[in-house]
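So the numbering used here is basically just the index in the sequence shown, starting at one, shifted up by 75.
Even glycine gets a Cβ: it sits at the ideal position worked out from N, Cα and C.
No experiment lies behind these values; they were computed from the predicted model shown.
Below: one structure, written as structure tokens.
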Amino acid sequence: MDLGIAGKWALVCGASKGLGFGCAQALVREGVNVVIGARGAEALQAAAERLLADPLRPASAQVLAVAGDVTTEAGRAALLAVPGGPGVNFDIVVTNAGGPPPGDFRDWDREAWIKALDANMLTPIELIKATIDGMAARGFGRIVNITSSSVKSPIDILGLSNGARSGLTGFVAGVARSSIAAKGVTINNLLPGKFDTDRIATTVAATSKKTGQSVDAIRASQQAQIPAGRYGRPDEFGAICAFLCSTHAAYLTGQNILPDGGAYPGTY
């Protein structure tokens, strides 16, 4: 299926690996010009080289890498200055910042909460603010926020993430249904379930420490509880993201899409 977005410009945050890379790869394969961002310059450059070497990438699709911390004002400014600053040329924005650490809420002070809100609520909002009017003026825009399944099914050791991402969800629910909806701009959230990424490794390690079970045992147990019988793959996640960014998804906005392999039966 031709997604109708070849030649568009996309900003994909946290794209050096995992789900962010999966989204960037899927967009590049559709002929989208992609600006990828992440904090680690070396890993980000390696990701850019992988995208450029992808045999399914049309020759016209450009890949630009900008290293920086998207949760800071300077980091966002650097990303938004490409390709034509300040963000006016981006037709697609995929927001994605690493989730806050797991733990016990009794151990989190105000600073921990502010840091979580900055990364997982306020940063996506700032990126939306910087790009949405340009999208509306051109009559096309797609914003996809990578959040978490914890928005629909909170995870006990991820209280910081539960709170910050739920705040973003409420914000998007209102903005996506404002006047921008009639101007060709959609905003949706992708709520990943258990995907085989570094994030799952972190949470499994935390669960292992808390319960005393081995990492292998926890991984096997988790996958057994997923109707699909496995963790998801980043490329599968990227394909869903690319569809949400496509011309075919123009009537889909303000939604929380939950790719979870059927793991959360209470969310229908």
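Check: How many Å lie between A153 and S296 at the Cα?
Finding: For the purposes of this step, residue 153 is identified with residue 78 of the sequence shown, where counting begins at 1. For the purposes of this step, residue 296 is identified with residue 221 of the sequence shown, where counting begins at 1. Rounded to the nearest angstrom, the two C-alpha atoms are 42 angstroms apart.
Check: Mind checking whether Y326 and K227 have CB atoms under 8 angstroms apart?
Finding: The count along the sequence shown starts at 1 and reaches residue 326 at position 251. The count along the sequence shown starts at 1 and reaches residue 227 at position 152. No, they are not a contact pair.
Next item on the list: Enumerate, from N- to C-terminal direction, the unbroken alpha helix (DSSP H) stretches of 4 or more residues contained entirely within the region 157-192.
Entry: 185-192
Check: Which parts of the region 237-313 are runs of the beta strand (DSSP E), unbroken and 3 residues or longer, counting only runs that do not cross its ends?
Finding: 260-265
Note to self: Is the beta carbon of G329 closer than 8 angstroms to that of A303?
What the structure shows: In the sequence shown, residue 303 corresponds to position 228, counting from 1. In the sequence shown, residue 329 corresponds to position 254, counting from 1. No, the pair does not count as a contact, with Cβ atoms beyond the cut-off.
Check: Smallest Cα separation from V279: which of A172, E105, P176?
Finding: Numbered from its first residue, the sequence shown carries residue 279 at position 204. Among A172, E105, P176, the Cα nearest to that of V279 is on P176.
Notebook entry, point to check: First and last residue of the beta strand (DSSP E) that includes R217?
Noted result: Position 142 of the sequence shown holds residue 217. Segment 216-221, the beta strand (DSSP E) holding R217.
Next item on the list: For G79, name the three-state secondary structure that DSSP assigns.
Entry: Here residue 79 refers to the residue found at position 4 when the sequence shown is read from its first residue. Correct three-state label for G79: coil.
Notebook entry, point to check: How would you write the range of the alpha helix (DSSP H) that C88 sits in, first residue to last?
Noted result: Within the sequence shown, the letter at position 13 stands for residue 88. Segment 84-88 is the beta strand (DSSP E) holding C88; no alpha helix (DSSP H) there.
Next item on the list: Would you please state the rounded distance, in angstroms, between the beta carbons of L102 and A85? I believe it to be under 8 angstroms.
Entry: Here residue 102 refers to the residue found at position 27 of the sequence shown. Here residue 85 refers to the residue found at position 10 of the sequence shown. Contact holds; Cβ gap of about 5 angstroms.
Next item on the list: Flag this pair as yes or no: are the beta carbons of A142 and A113 separated by less than 8 angstroms?
Entry: Here residue 142 is taken as the residue at index 67 of the sequence shown, counted from 1. Here residue 113 is taken as the residue at index 38 of the sequence shown, counted from 1. Contact: yes.
Next item on the list: Identify whether G115 lies in helix, strand or coil by the three-state DSSP scheme.
Entry: Stepping through the sequence shown from its first residue, residue 115 is reached at position 40. In this structure, G115 counts as coil in the three-state DSSP scheme.
Next item on the list: Return the chain-ordered list of same chain residues with a C-beta closer than 6 angstroms to the C-beta of R305, the five sequence neighbours on each side being excluded.
Entry: Here residue 305 refers to the residue found at position 230 of the sequence shown. Result list for R305: Q298, in chain order.
Next item on the list: For the alpha helix (DSSP H) holding A154, just list the boundary residues, first then last.
Entry: By one-based count along the sequence shown, residue 154 stands at place 79. One point to set straight first is that residue 154 is Leu, not Ala, in the sequence displayed. Run containing L154: 148-155, per the alpha helix (DSSP H) assignment.
Item checked: Sheet register partners of L139 (DSSP bridge) -> If you number the sequence shown from 1, residue 139 lands on position 64. Answer is V110, bridged to L139.
Notebook entry, point to check: Using DSSP with H/G/I as helix, E/B as strand and the rest coil, what is I332?
Noted result: Start at 1 with the first residue of the sequence shown, and residue 332 comes out as number 257. In the structure shown, I332 sits in a strand (DSSP, three-state: E or B).
Note to self: If contact is defined by three or more beta carbon pairs under 8 angstroms, each pair taking one atom from either stretch, is the region 245-263 in contact with the region 275-294?
What the structure shows: no
Note to self: Among G238, K285, G313, V260, whose alpha-carbon lies nearest the alpha-carbon of F270?
What the structure shows: Locating residue 270 in the sequence shown gives position 195, where the first residue counts as 1. Nearest of G238, K285, G313, V260 to F270, Cα basis: G313.
Next item on the list: Return the CA-CA distance between G209 and V107, expressed in angstroms with no decimal places.
Entry: Here residue 209 refers to the residue found at position 134 of the sequence shown. Here residue 107 refers to the residue found at position 32 of the sequence shown. Computed Cα separation, rounded: 18 angstroms.
Item checked: Environment of D335 [buried if 16+ CB atoms lie within 10 Å] -> Your numbering for residue 335 matches position 260 in the sequence shown. With 16 or more Cβ atoms within 10 Å of its Cβ, D335 is classed as buried.
Next item on the list: Spell out a yes or no on whether the region 112-126 and the region 200-214 are touching, meaning 3 or more CB-CB pairs, one atom from each, closer than 8 angstroms.
Entry: no
Checklist line | CB of I230 within 8 angstroms of CB of N237, strictly | finding: Position 155 of the sequence shown holds residue 230. Position 162 of the sequence shown holds residue 237. A contact, by the Cβ cut-off of 8 angstroms.
Check: Any idea what DSSP makes of N91, helix, strand or coil?
Finding: For the purposes of this step, residue 91 is taken as the residue at position 16 of the sequence shown. Residue 91 is actually Ser in this sequence, not Asn. It is coil, neither helix nor strand.
Next item on the list: Determine the direct distance from the alpha carbon of D193 to that of A149, and round the result to whole angstroms.
Entry: For the purposes of this step, residue 149 is taken as the residue at position 74 of the sequence shown. For the purposes of this step, residue 193 is taken as the residue at position 118 of the sequence shown. In a straight line, the C-alpha of A149 is about 14 angstroms away from that of D193.
Notebook entry, point to check: Can you name the start and end residues of the alpha helix (DSSP H) that G209 belongs to?
Noted result: As a first step, residue 209 is located in the sequence shown; it is residue number 134 there, counting from the start. First-last of the alpha helix (DSSP H) with G209: 198-213.
Notebook entry, point to check: Given G214, which residues of its chain have a CB within under 8 angstroms of its CB, disregarding the five upstream and five downstream residues?
Noted result: On the sequence shown, residue 214 is found 139 positions in, with the first residue counted as 1. Cβ within range, chain order: K258, G259.
Note to self: Suppose you measure from the CA of M196 to the CA of G216; what does that come to, to the nearest Å?
What the structure shows: To locate residue 196, count along the sequence shown from 1; it is residue 121. To locate residue 216, count along the sequence shown from 1; it is residue 141. The alpha-carbon atoms of M196 and G216 are separated by roughly 20 angstroms.
Check: Taking DSSP as the reference, what is the three-state secondary structure of R125?
Finding: Here the question's residue 125 lines up with position 50 in the sequence shown. It is helical.
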